[in-house]
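A.B. asks: In terms of the UniProt record's numbering, the sequence shown opens at residue 1 and continues consecutively.
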Amino acid sequence: MVLRRPEVEPAASSGGLSGGRVLRGVNGWSCGGAPVCVGHLQLHGVWACPRGGGACPGLAGDSRSKLRALRGRQMVEAGRQRNHQQHKSSHRMARTIQKHQRLLALLESLDTGKPVGEARDRDLPLVVRHFYHHAGWAQLMGTKMGGWKPLGVVAAVITWNSPLLLLAWKICPALAMGNTVVLLPPPCARLSALLLAELGVQAGLPPGVLNVLTGEGALAEGLAAHPGVDAVAVAGSVEVGRSLRRTTAGRGPRLSLQLGGDTLVLVFDSADLDGAAVGLSDTVSCQRGLAPGAGALVLVQEVVAGALLQRLRTRLGKLRVGDPLDKAMDGGALADEAQRGTTETYVEEARAEGAEIFQAWAALPARGPFYPPTLITGVASTSRCVREQILGPVLVVLPFRTAKEAVALGNNRPSGLAASVWTENLPLAMEVAQSLQVGTVWINGQNLFDAAAGVGGTKESGNGRDGGKEGLYEYVKPSWQSRARPSPAELDYKTFAASSGADPPPILGRSGVARPELEENMPRVDRTYKLYYGGAQKRPEGMASLPILDPAGNVLAYVADGSAKDIRNAVEAAHKAAPGWGKRAAHTRAQVLYYVAENLELRREEVASRLGVLTGAPPEEAQREVDLGLERLFHWAALCDKSGGAVQETPLHGTTLQLRQPLGVVGVACPDERPLLSFLSLLAPAVARGNAVVMVPSPRYPLPALDLCQIFDTSDVPGGVVNIVTGNRDHLSRTLAQHQDVQAMWYFGSPEGSQFVEWASAGNLKRTWQGPGTSRPPDIQTLSRTRGDARLTHFQGSSTGSGAPAAAIGLCRASGAGTCHDLWARTASWPGFRPQVLPRAQSARLASTAGRGLGWGSWAAGCLAGGAGLRGAVRGLRRGHNVELINEIVFNCSLY
Numbered sequence: 001m002v003l004r005r006p007e008v009e010p011a012a013s014s015g016g017l018s019g020g021r022v023l024r025g026v027n028g029w030s031c032g033g034a035p036v037c038v039g040h041l042q043l044h045g046v047w048a049c050p051r052g053g054g055a056c057p058g059l060a061g062d063s064r065s066k067l068r069a070l071r072g073r074q075m076v077e078a079g080r081q082r083n084h085q086q087h088k089s090s091h092r093m094a095r096t097i098q099k100h101q102r103l104l105a106l107l108e109s110l111d112t113g114k115p116v117g118e119a120r121d122r123d124l125p126l127v128v129r130h131f132y133h134h135a136g137w138a139q140l141m142g143t144k145m146g147g148w149k150p151l152g153v154v155a156a157v158i159t160w161n162s163p164l165l166l167l168a169w170k171i172c173p174a175l176a177m178g179n180t181v182v183l184l185p186p187p188c189a190r191l192s193a194l195l196l197a198e199l200g201v202q203a204g205l206p207p208g209v210l211n212v213l214t215g216e217g218a219l220a221e222g223l224a225a226h227p228g229v230d231a232v233a234v235a236g237s238v239e240v241g242r243s244l245r246r247t248t249a250g251r252g253p254r255l256s257l258q259l260g261g262d263t264l265v266l267v268f269d270s271a272d273l274d275g276a277a278v279g280l281s282d283t284v285s286c287q288r289g290l291a292p293g294a295g296a297l298v299l300v301q302e303v304v305a306g307a308l309l310q311r312l313r314t315r316l317g318k319l320r321v322g323d324p325l326d327k328a329m330d331g332g333a334l335a336d337e338a339q340r341g342t343t344e345t346y347v348e349e350a351r352a353e354g355a356e357i358f359q360a361w362a363a364l365p366a367r368g369p370f371y372p373p374t375l376i377t378g379v380a381s382t383s384r385c386v387r388e389q390i391l392g393p394v395l396v397v398l399p400f401r402t403a404k405e406a407v408a409l410g411n412n413r414p415s416g417l418a419a420s421v422w423t424e425n426l427p428l429a430m431e432v433a434q435s436l437q438v439g440t441v442w443i444n445g446q447n448l449f450d451a452a453a454g455v456g457g458t459k460e461s462g463n464g465r466d467g468g469k470e471g472l473y474e475y476v477k478p479s480w481q482s483r484a485r486p487s488p489a490e491l492d493y494k495t496f497a498a499s500s501g502a503d504p505p506p507i508l509g510r511s512g513v514a515r516p517e518l519e520e521n522m523p524r525v526d527r528t529y530k531l532y533y534g535g536a537q538k539r540p541e542g543m544a545s546l547p548i549l550d551p552a553g554n555v556l557a558y559v560a561d562g563s564a565k566d567i568r569n570a571v572e573a574a575h576k577a578a579p580g581w582g583k584r585a586a587h588t589r590a591q592v593l594y595y596v597a598e599n600l601e602l603r604r605e606e607v608a609s610r611l612g613v614l615t616g617a618p619p620e621e622a623q624r625e626v627d628l629g630l631e632r633l634f635h636w637a638a639l640c641d642k643s644g645g646a647v648q649e650t651p652l653h654g655t656t657l658q659l660r661q662p663l664g665v666v667g668v669a670c671p672d673e674r675p676l677l678s679f680l681s682l683l684a685p686a687v688a689r690g691n692a693v694v695m696v697p698s699p700r701y702p703l704p705a706l707d708l709c710q711i712f713d714t715s716d717v718p719g720g721v722v723n724i725v726t727g728n729r730d731h732l733s734r735t736l737a738q739h740q741d742v743q744a745m746w747y748f749g750s751p752e753g754s755q756f757v758e759w760a761s762a763g764n765l766k767r768t769w770q771g772p773g774t775s776r777p778p779d780i781q782t783l784s785r786t787r788g789d790a791r792l793t794h795f796q797g798s799s800t801g802s803g804a805p806a807a808a809i810g811l812c813r814a815s816g817a818g819t820c821h822d823l824w825a826r827t828a829s830w831p832g833f834r835p836q837v838l839p840r841a842q843s844a845r846l847a848s849t850a851g852r853g854l855g856w857g858s859w860a861a862g863c864l865a866g867g868a869g870l871r872g873a874v875r876g877l878r879r880g881h882n883v884e885l886i887n888e889i890v891f892n893c894s895l896y
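1. Please report the distance separating the alpha-carbon of Ala564 from that of Pro618.
2. On a Cα-Cα basis, can you pick out the residue from Pro324, Gln661 and Glu353 that is closest to Thr112?
3. Residue 912 by DSSP, collapsed to three states: which one?
4. Taking the C-alpha atoms as reference points, what is the distance between Ala197 and Gln770?
5. For the beta strand (DSSP E) holding Pro478, just list the boundary residues, first then last.
6. Suppose you measure from the CA of Glu625 to the CA of Lys404; what does that come to, to the nearest Å?
7. Does DSSP put Gln434 in a helix, in a strand, or in coil?
8. Cutting at 8 Å between CB atoms, please list the residues of its own chain near Glu714, excluding the five before and the five after it.
9. What do you get for His653, buried or exposed, if any count of 16 or more other CB atoms within 10 angstroms of its CB means buried?
10. Within 10 Å of its beta-carbon, does Asp326 have 16 or more other beta-carbons around it, so buried, or fewer, so exposed?
11. Please classify Gly582: does DSSP put it in a helix, a strand, or coil?
12. Can you list, in chain order, the residues of its chain whose CB lies under 7 Å from that of Ser511, leaving out five sequence neighbours each side?
13. Buried or exposed for His587, please, with buried defined as at least 16 other CB atoms from any protein chain shown within 10 angstroms of its CB.
14. Can you find the residues in the same chain that come closer than 6 Å, C-beta to C-beta, to Gln202, ignoring five residues on each side of it along the sequence?
15. Flag this pair as yes or no: are the beta carbons of Val665 and Asp741 separated by less than 8 Å?
16. Who are Gly331's beta bridge partners in DSSP?
17. State yes or no: is the C-beta of Tyr371 within less than 8 Å of the C-beta of Leu334?
18. Just to confirm before moving on: does the CB-CB distance between Leu593 and Cys640 stay below 8 Å?
19. Here's a check: name, in chain order, each residue in its chain whose Cβ is nearer than 7 Å to the Cβ of Ala355, leaving out the five neighbours to either side.
20. Can you give me the start and stop residues for the alpha helix (DSSP H) that Glu625 sits inside?
21. Got a sec, what are the start and stop residues for the alpha helix (DSSP H) Tyr132 sits in?
22. Secondary structure at Val232, three-state DSSP: helix, strand or coil?
23. Look up Lys642 in the DSSP assignment and say whether it is helix, strand or coil.
24. Using 8 Å as the threshold, is the C-beta distance between Val284 and Pro393 below it?
25. Curious, which full-length alpha helix (DSSP H) runs of at least 4 residues does the region 401 to 451 contain?
26. Kindly list the residues whose CB is nearer than 8 Å to the CB of Ala225, restricted to its own chain and excluding five residues on each side of it in sequence; keep chain order.
27. Quick one: is Leu257 buried, meaning 16 or more other Cβ sit within 10 Å of its Cβ, or exposed?
28. Can Tyr132 and Ala94 be called in contact, C-beta distance under 8 Å?
29. So, is Ala135 buried or exposed, given that buried needs 16 or more other C-beta atoms within 10 angstroms?
30. Does the distance from the C-beta atom of Val181 to that of Leu223 stay below 8 Å?
31. Applying the criterion that 16 or more other CB atoms from any shown protein chain within 10 Å of the CB defines a buried residue, is Arg674 buried or exposed?
32. Would you list, in sequence order, the uninterrupted alpha helix (DSSP H) runs of no fewer than 4 residues that lie entirely inside the region 136 to 203?
33. CB Trp759 to CB Ala684, shorter than 8 Å?
34. Answer with buried or exposed for Pro125, where buried requires no fewer than 16 other C-beta atoms within 10 angstroms of its C-beta.
35. Restricting to runs no shorter than 4 residues, where is the alpha helix (DSSP H) found entirely within the region 727 to 752?
36. Just checking my contact of Ala744 with Leu611 at CB under 8 Å: how many whole Å lie between their CB atoms?
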């Protein structure tokens, strides 16, 4: 291993891996006479100092050094490795980490202040497990992940609470799928990341495969905005996720977001109170609220609240807090004084609001960033300490009376990372777990993780997934897909599409806008189309209409010019209909879609004729488009009851279930190409998986979508499940993207519109799926071959799925909160379970997959995500993957 400055003479090399040598290498190696404490980089398999030498708190401006790993040769060489070679590299990495677990545990404790016993006994075994598990996936990629290929360069940004574990969650699946990784550890916790990079070289990872950059938080935005980065995987705060979502808007990288959120704990009167008290005190002591999903809002049933609080006060008073390197300590220090001050601020605000505060000050060290175990009771549900995560040893307790009230209190929070349900009544536990809007649920247990089961969040907790097969889709793309690398436009986000244009849309094939004398055509206009939402046709709030022209410039009809108020009305109708539609049996939803297809087939000739007149397509082509639309409806109706969850094999005691649930309300802006086929191809999968949709049809050809309203009315489609608002696509999409009750947004329009949707999705971190903004129509013969096998294995808002081409409009993914993900907006997650008999002490975890897909928001969003938006819309019109599309409409949950 060589320590050097780029373009400067090599300096002294480091020796073996003894604790002293490694610590001295990280903190004391010199470069040009200047000591380096935290400013070294691990690039291209060698140690390097940033340009200028000396200790560097940040790397902004040092673009040549920080992006050395992005140079083509390393990525190409890594991408060409055989699966077996990737397997051996990951396997050797796991073996090497096992040899140095003690040293890694020591560095993790020094970095974060967590007790060394916790790092040794909890974090390190899980890190090793992730490397072994994903080494196996590297071997199986050619068979189990056929049709997928690596993304390229993945930028991983992690937070300070458990950096080593989060690092393993991000880099293991990325490396297993053949990507290269540029890792940005937190500024205050870099040691374990730098040592892991050195261990990678010792294990024989090819140069440039794993690279570590050190610097301040601002470096993350520069890294995410670099054109050579193909994906950004984030584990951090909600503010960091929003910032990176806006930074990557319009640039094309996939975005996977795993953001903040504490654990929601529900304790019912039938629970084992002693077991619940042990679990909660363990969360406070060992994790100190710093592990992913740790920290807790405790909802306890009134009849047992006093008994549980008495047990908690007794146990918290006996916890030992002190030197994290002392194995006898139950709790260590916080990261720094700033974090201690933040925790103290939350507690004092609650005290000022009249809350009762219990703090165990006994044996607390006089110096250092230590904070006593704290219990807050008597606080209002609107208090800041209830709605926001407190990163410290703090429990907030609220009482409830009924299970329905507990679910309402738990879901009335912006985050949705994890929950724990304590009860001996298994039917109650399953019902409550299925009703909570979170990504992971444990039953009679807490903080249980495994590499084979995905973990992630919903809502503002992001759309990404780590672990399990669903986590692999965050780092692959369909083998036929090439990544577009657009340059973001200079948009004024405050004024973009703030009003609807007054001119009619231009006609394809013409250089200008057709402006016929409307009076001459009045006798030809026999109908004014209205909006459709809530199961009824409504006039627009603005009482305005738009002319729809045929290819000759003649007025065919007038349609309603929808406004922001109409979108809000449609979202309200969809929000009311979504819960009932999502709870319907999959077989029932399938029958409704079959009924829609049958009624459409009865009007096949009429619809094809009107489509040909509107678009100027030859009769055969118009007929073929209708036939393909029917195929799409039958295809997704057939898949309704064939995309259930799975039982995950994990070493944990009990059963781990993966379930899929709808995202909720999905906004969809349709392209102009193939107006009927694209409309049905975007509508059918979202509705099939239990989501309610607000559709914005093609502004140039909206009539085919509006003609379907009568078919929906006569096909038993519940009111509010399908809502159609016509008008200016960008103007209506602006309102949908900014709406807080829309869980996902799919947009297929201009590049500027795609960029705005990604930027605006940062508000509630909804999933997004965007097209590339091109206008090349697909070949109708190609469309006829886009029906493939339906392997519905993974439903996220921020990750890609697997399977053969399935929909007329391809399934790609993007992320938002994800979100990161392509054709459909990828920024959400989904859950679901199956009743089972569990022993009393058995734990169950419900892990929701986000990334792209359905979630407590639905097919529309995601994380991101996320995440990033769906790209390659026109290409997707030719091919698609069922799994990926499903990822955009549901989210997965693992139940332990």
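Glycine included, every Cβ here is placed at the ideal spot set by N, Cα and C. This one's a predicted model, so the numbers in the text were calculated from it and none came from an experiment.
C.D. replies: Put simply:
1. Taking the first residue of the sequence shown as position 1, residue 564 is located at position 564. Taking the first residue of the sequence shown as position 1, residue 618 is located at position 618. Looking at the two C-alpha atoms, the distance is approximately 36 Å.
2. Reading the sequence shown from its first residue, position 112 is the one you call residue 112. Looking at the Cα atoms, Pro324 is the closest of the given residues.
3. What the structure shows of the chain is the stretch from 1 to 896, and residue 912 is not part of that stretch, so it cannot be assessed.
4. The residue you call residue 197 lines up with position 197 of the sequence shown. The residue you call residue 770 lines up with position 770 of the sequence shown. So the two alpha carbons sit approximately 35 Å from each other.
5. Position 478 of the sequence shown, counting from 1, holds the residue named residue 478. Val476 to Pro478 is the span of the beta strand (DSSP E), which, as asked, contains Pro478.
6. Here residue 625 is taken as the residue at index 625 of the sequence shown, counted from 1. Here residue 404 is taken as the residue at index 404 of the sequence shown, counted from 1. Here the C-alpha atom of Glu625 lies approximately 47 Å from the C-alpha atom of Lys404.
7. Here residue 434 refers to the residue found at position 434 when the sequence shown is read from its first residue. Gln434 falls in the helix class under three-state DSSP.
8. Here residue 714 is taken as the residue at index 714 of the sequence shown, counted from 1. It should be noted that the sequence gives Thr, not Glu, for residue 714. The residues are Asn599.
9. If you number the sequence shown from 1, residue 653 lands on position 653. His653 is exposed by the Cβ-count criterion.
10. Locating residue 326 in the sequence shown gives position 326, where the first residue counts as 1. Exposure of Asp326 is indicated by the presence of fewer than 16 other C-beta atoms within 10 angstroms of its C-beta.
11. Here residue 582 is taken as the residue at index 582 of the sequence shown, counted from 1. It is helical.
12. As a position in the sequence shown, residue 511 is number 511, starting the count at 1. Note on Ser511: pLDDT 35, under 50, position unreliable in the model; the coordinate value appears next. Excluding positions up to five away in sequence, the list is empty.
13. Within the sequence shown, residue 587 is the residue found at index 587, counting from 1. By the C-beta density criterion, His587 is exposed, having fewer than 16 other C-beta atoms within 10 angstroms.
14. To locate residue 202, count along the sequence shown from 1; it is residue 202. Annotation for Gln202: Thr96 place their beta carbon closer than 6 Å to its own, counting only its chain and skipping 5 residues before and after.
15. As a position in the sequence shown, residue 665 is number 665, starting the count at 1. As a position in the sequence shown, residue 741 is number 741, starting the count at 1. In this structure, Val665 places its C-beta atom within 8 Å of the C-beta atom of Asp741.
16. For the purposes of this step, residue 331 is identified with residue 331 of the sequence shown, where counting begins at 1. DSSP output for Gly331 lists Val321 as bridge partner(s).
17. Taking the first residue of the sequence shown as position 1, residue 371 is located at position 371. Taking the first residue of the sequence shown as position 1, residue 334 is located at position 334. Against a cut-off of 8 Å, the Cβ pair of Leu334 and Tyr371 comes out as a contact.
18. On the sequence shown, position 593 is the one that residue 593 refers to. On the sequence shown, position 640 is the one that residue 640 refers to. In contact: Leu593 and Cys640 (Cβ atoms closer than 8 Å).
19. Counting from one through the sequence shown, the residue named residue 355 turns up at place 355. Excluding sequence positions up to five before and after Ala355, its CB lies within less than 7 Å of the CB of Ile376, Thr377, Gly378 and Val379, all in the same chain and listed in chain order.
20. Counted from its first residue, the sequence shown places residue 625 at position 625. Residues Pro619 to Leu639.
21. Locating residue 132 in the sequence shown gives position 132, where the first residue counts as 1. In the DSSP assignment, Tyr132 falls within the unbroken alpha helix (DSSP H) covering Leu124 to Lys144.
22. Locating residue 232 in the sequence shown gives position 232, where the first residue counts as 1. Shown here, Val232 sits in a strand according to DSSP, grouped into three states.
23. The residue labelled residue 642 in the question sits at position 642 within the sequence shown. Looking at Lys642 - three-state DSSP - the assignment turns out to be coil, as it is neither helix nor strand.
24. Indexing the sequence shown from 1 puts residue 284 at position 284. Indexing the sequence shown from 1 puts residue 393 at position 393. For Val284 and Pro393, yes; Cβs fall inside 8 Å.
25. Correct list: 403 to 411 and 426 to 435.
26. As a working mapping, residue 225 is identified with position 225 in the sequence shown. So the list reads Thr247, Thr248 and Arg251, once near-sequence residues are dropped.
27. For this step, residue 257 is matched to residue 257 along the sequence shown. By the C-beta density criterion, Leu257 is buried, having at least 16 other C-beta atoms within 10 angstroms.
28. Indexing the sequence shown from 1 puts residue 132 at position 132. Indexing the sequence shown from 1 puts residue 94 at position 94. In contact: Tyr132 and Ala94 (Cβ atoms closer than 8 Å).
29. As a position in the sequence shown, residue 135 is number 135, starting the count at 1. The residue is buried, with at least 16 neighbouring Cβ atoms inside 10 Å.
30. Reading the sequence shown from its first residue, position 181 is the one you call residue 181. Reading the sequence shown from its first residue, position 223 is the one you call residue 223. No, these two residues do not count as a Cβ contact at 8 Å.
31. Indexing the sequence shown from 1 puts residue 674 at position 674. By the Cβ neighbour-count rule, Arg674 is buried, with 16 or more other Cβ atoms within 10 Å of its own.
32. Within the region 136 to 203, the complete alpha helix (DSSP H) runs of at least 4 residues fall at 163 to 176 and 191 to 203.
33. Position 759 of the sequence shown, counted from the first residue, corresponds to residue 759. Position 684 of the sequence shown, counted from the first residue, corresponds to residue 684. For Trp759 and Ala684, no; Cβs fall outside 8 Å.
34. To locate residue 125, count along the sequence shown from 1; it is residue 125. So Pro125 counts as exposed.
35. Counting whole runs of 4 or more residues, the region 727 to 752 contains the alpha helix (DSSP H) stretches 729 to 738.
36. Locating residue 744 in the sequence shown gives position 744, counting from the first residue. Locating residue 611 in the sequence shown gives position 611, counting from the first residue. Under the criterion of beta carbons closer than 8 Å, Ala744 and Leu611 do not qualify as touching, at roughly 28 Å.
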